[in-house]
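Accompanying notes for the structure given below.
2 protein chains.
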Amino acid sequence: MANDFTRQRSAAEALPADLADGLERLRPEAAHAVLSQMTAAEAAQVLIELEVERATRLLERSSPDQIAAWVEALAPNAAADLVARLAPERRREVLAGLPLAVASAVSALLRHPPDSAGGIMDDRFLSVRAEQTLAEGLDRLRTSPPRKSADVAYIYVTDEAGRLVGVVGVRDLLFAAPDRRVHEIMDPQVHHLRVTDDQEAITRQIERYRYSALPVVDARQRLVGVVRITDALRVAEAEATEDMQLMVGMSGEEQVHTRWSAAIGKRLPWLGVNLGAALLAATVVSRFEDTIGRWTALVVFLPLISAVAGNAGVQALTVIIRGLALGDVVRGDAARVLRKELAIGLVNGVGLGLALGLIGYLWKGSLVLGIVAGAAMGLNQVVGVLSGVLVPFGLRYCKIDPAMASSIFVTTLTDILGFLVFLGLAAFALRAFGL
Amino acid sequence: MANDFTRQRSAAEALPADLADGLERLRPEAAHAVLSQMTAAEAAQVLIELEVERATRLLERSSPDQIAAWVEALAPNAAADLVARLAPERRREVLAGLPLAVASAVSALLRHPPDSAGGIMDDRFLSVRAEQTLAEGLDRLRTSPPRKSADVAYIYVTDEAGRLVGVVGVRDLLFAAPDRRVHEIMDPQVHHLRVTDDQEAITRQIERYRYSALPVVDARQRLVGVVRITDALRVAEAEATEDMQLMVGMSGEEQVHTRWSAAIGKRLPWLGVNLGAALLAATVVSRFEDTIGRWTALVVFLPLISAVAGNAGVQALTVIIRGLALGDVVRGDAARVLRKELAIGLVNGVGLGLALGLIGYLWKGSLVLGIVAGAAMGLNQVVGVLSGVLVPFGLRYCKIDPAMASSIFVTTLTDILGFLVFLGLAAFALRAFGL
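Chains as they are written, first to last, in the working numbering: chain A, 1 to 435; chain B, 436 to 870.
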């Protein structure tokens, strides 16, 4: 019985994912030594579970022959992921050391971006011809190489040109009369993906229609692979991680165990952008240095208004980024979302403005200061939610990932406008009341 | 052929998910009218696709008989989700109107929290007894009610007391000699969930071991249900959304189309907490009003240092929250994570500190100001990453969700300590150099 239950429990009952966890805690030399002790199949399974950066460094320490053995032990889509991590020259060496069939399957997958349906799909699937009998189809199922049982829940149906024309459930195939033709019992309507579909489209389709797998067709409607929901789940997790990280100026790929030196390379540039953006806000403050010099109590409220409005903006941003990722926000929803956020900003602005106004009055004993701080807080709530809507939709309009550094942009916008409103009101009050 | 392909395409070729999208854009009365036009099966499918709040309001407008018809048309786990949204009295009325078997299945599921394995699982699954012959097992498969083909990829094996003892792939069942016993070909090692396992444990197991479904056992090891990967994918998406929202002080349940009035109730309280926390930071600034009055250029750098250090803290926080959610961070990793973040904070601190020092010197023409601002920026990077580590681990230590309002806590901590460092250094410089 060669299913995945038994396969996964080799290497003294440890699972590849668990072994990978262990390896990530070792130094590269030690990890490579452990890997070399395993069979090719075991090592290959562990390698694909490792985080990308770690796997790449282990591959760099390995000979092309060793890598070719690992690649051969993997399913083509996993093999392609592994080969994609190699430097171009090393990649050619490894491909040259592989049996022709494996090398060509891997090369075909490498032609698609790794996060497209073509890059995620498994090119091993079961298909039958529409004009075959069910008995022929069943025979096909029986003689196909042993694999995970879940793989055979659906069998896809193609025409003589290899184009996807339908789908048959294994059960329907089993329990109908064996002399009937496949096209008689198949469902001619089959949801499918195109090789060029991106991560988000895949997750959305699989989640929406609740299939355990979706067939993938090329530009000529030919069936070329299958994307399984297990792979879609990984993609969905990676996508959520990426959005969370992109928002705060990170690469989207950093993991907890990523080396600090690699993490700095991803984080520092965005902190530099953040510094530049904050300098813009600082120039606004600088223009009001006189005002602040004459009324130092203002300075106490400056970071306060910035903090709460920034967070209000990031709240709106978070809902929208997630809504875009999950497909809840479609073209034309911008106006509707803007109205909702404006309503929230106005109500929260009144509430928080009154609260801060009262606090300012009681704390510093100045009614004017209370009014200025409260009004600035209230207005800045509106500025916050507006930024939270405009930044992601604006980035998307510019064909940039709407999550990209978005929280940096939102907080900078609220800072700049918030400081202008607050210090502008204060300067006006100073002049008007001759304080 | 009664599989899900055909069923999903009723109601003029529209899919429930698409119809739900449409309904979410209608007013409640109109949406209820549309729902009442559909067959019970169609309406039920659409209802479970709707966002929770919207579905609840539609249910409030419907009669117990109408709801009972919808519930009966759903799989028990989806039915339980629907019934869970009803007020207690209405819930009793609906359950009373259901056939006994349906009512008891739904009630059983309602006993488990909705985000536990017991709440997510489907109680319709195929199982065979270990001592049966394969022919008997196959017969079981043939006579089971028609359902999605994917459901029958694995058949679970139980002993005479109903305890889970193994698993058999459908293919293994099909192509072995029919007079063999199930226990001869079953895999006795079967990964499973307990009814009490939470969302995160489920996602982690399914993703880790790449199964399309996992069996669920009760406290006595009896097989009681199956969690399918399609449901796990939804759970994983919801979990990621929740973490992103919790971090910035939201409920974790808000969607783009959530009504603004409902959204305010979730966001405003946390903005209030944010205001309170920011007031703490403001009292620090207040203590240095004299210093600032004598050296107003300081005020320009105050929000700048706060912004960049806060973001550095949220970067560290994001990696850790996601690492905790995906199970990459385990007990004992805290020290290791802290070392990594400290290294990042030190290097980024030196880089950004030098940059701001130079900028401060060139902009304001004061070497002392450059040194004070640069040193504060550098130190505050370390404060930022420390907060980013300590807040989530601290929350988890207190048995609170580590994401809960964590970015508010991190930015407040960096503000308080950052202002202390910056203004403290400035006050010292004022005294030391008699500026």
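Every residue gets a Cβ at the ideal spot worked out from N, C-alpha and C, and that includes glycine. What you are looking at is a predicted structure, and each value in this text was computed from that prediction instead of being measured.
At a cut-off of 7 Å, the C-beta of glycine 293 of chain A has a neighbouring C-beta in chain B. Within chain A, the C-beta atoms nearer than 7 Å to that of leucine 787 of chain B come from Leu271, Leu275, in chain order.
For the beta strand (DSSP E) assignment, the region 485 to 512 of chain B encloses no uninterrupted run of at least 3 residues. With a beta-carbon spacing of about 6 Å, leucine 47 of chain A and tryptophan 70 of chain A fall inside the 8 Å limit used to define contacts. When A:Leu420, A:Ala278, A:Gly323 are compared, the shortest CA-CA separation from threonine 676 of chain B is found for A:Gly323. Excluding the 5 residues flanking it on each side, arginine 163 of chain A has same chain C-beta neighbours closer than 6 Å at Gln221, Arg222, in chain order.
Cβ proximity to chain B below 9 Å picks out Ser407, Ile408, Thr411, Thr412, Asp415, Phe419 from the region 398 to 424 of chain A. Proximity of asparagine 77 of chain A to chain B, defined by a Cβ-Cβ separation below 7 Å, is not satisfied. Relative to the Cα of glutamine 567 of chain B, the nearest Cα in the group B:Gly728, B:Val820, B:Arg616, B:Val743 belongs to B:Arg616. With the criterion set as a beta carbon lying under 7 Å from some beta carbon of chain B, the members of the region 259 to 270 of chain A are Trp260, Ala263, Ile264, Arg267, Leu268, in sequence order.
Valine 630 of chain B sits in coil when the DSSP states are folded into three classes, being neither helix nor strand.
The three-state secondary structure of alanine 130 of chain A, taken from DSSP, is coil. Of all residues in the region 315 to 330 of chain A, only Gln315, Thr318, Val319, Ile320, Arg322, Gly323, Leu326, Asp328, Val329 come within less than 7 Å of chain B when Cβ atoms are compared, listed by chain position.
With fewer than 16 other CB atoms across the displayed protein chains lying within 10 angstroms of its CB, glycine 22 of chain A is exposed. With respect to aspartate 607 of chain B, alanine 565 of chain B sits apart: the two C-beta atoms are not nearer than 7 Å.
Per DSSP, the unbroken alpha helix (DSSP H) holding proline 303 of chain A starts and ends at 298 to 325.
Exclusion of the five residues before and after alanine 716 of chain B leaves Thr847, Asp850, Ile851, Phe854 as the residues of its chain whose Cβ lies within less than 7 Å of its Cβ. Across the set A:Glu93, A:Glu254, A:Ala219, the C-alpha of A:Glu254 shows the shortest separation from the C-alpha of arginine 54 of chain A. DSSP assignment within the region 204 to 266 of chain A yields the following whole beta strand (DSSP E) runs of 3 residues or more, N-terminal first: 213 to 217, 223 to 228.
Serine 62 of chain A and histidine 32 of chain A have their C-alpha atoms roughly 8 Å apart. In chain order, Gly378 place their CB closer than 8 Å to the CB of valine 350 of chain A, counting only its own chain and leaving out the 5 sequence neighbours on each side.
For chain B, the residues of the region 220 to 254 of chain A that bring a beta carbon within less than 9 Å of one of its beta carbons are Arg228, Ile229, Thr230, Asp231, Ala232, Leu233, Arg234, Ala236, Glu237, Glu239, Ala240, Thr241, Asp243, Met244, Gln245, Met247, Val248, Gly249, Met250, Glu254, in chain order. Between the region 626 to 645 of chain B and the region 225 to 245 of chain A there are three or more inter-stretch CB-CB distances shorter than 8 Å, so the stretches are counted as touching. Look at valine 299 of chain A: its C-beta is under 7 Å from a C-beta on chain B. Secondary structure at leucine 369 of chain A: helix, using DSSP grouped into helix, strand and coil.
Residues of the region 603 to 614 of chain B that bring their beta carbon within less than 7 Å of a beta carbon in chain A comprise Gly604, Val605, Arg606, Asp607, Phe610, in sequence order.
For isoleucine 155 of chain A, the three-state secondary structure derived from DSSP is strand. Nearest Cα to leucine 802 of chain B within the set B:Arg771, B:Leu865, B:Lys834, B:Ala838: B:Leu865. Beta-bridge partners assigned by DSSP to valine 782 of chain B: none are found.
Sorting B:Ala536, B:Gly711, B:Leu649, B:Gln480 by C-alpha distance to the C-alpha of aspartate 453 of chain B places B:Gln480 at the top. Under a criterion of Cβ atoms nearer than 8 Å, no residue of chain A is adjacent to valine 824 of chain B; the nearest Cβ is some 11 Å distant. With a cutoff of 7 Å on beta-carbon distance, serine 286 of chain A and valine 735 of chain B are scored as near each other. Beta-bridge pairing by DSSP links glycine 604 of chain B to B:Tyr589. Chain A has no Cβ within less than 7 Å of the Cβ of alanine 552 of chain B. Taking all protein chains shown into account, arginine 267 of chain A has 16 or more neighbouring C-beta atoms within 10 Å of its C-beta and is therefore buried. With its beta carbon at least 7 Å from every one in chain A, threonine 593 of chain B lies outside the interface.
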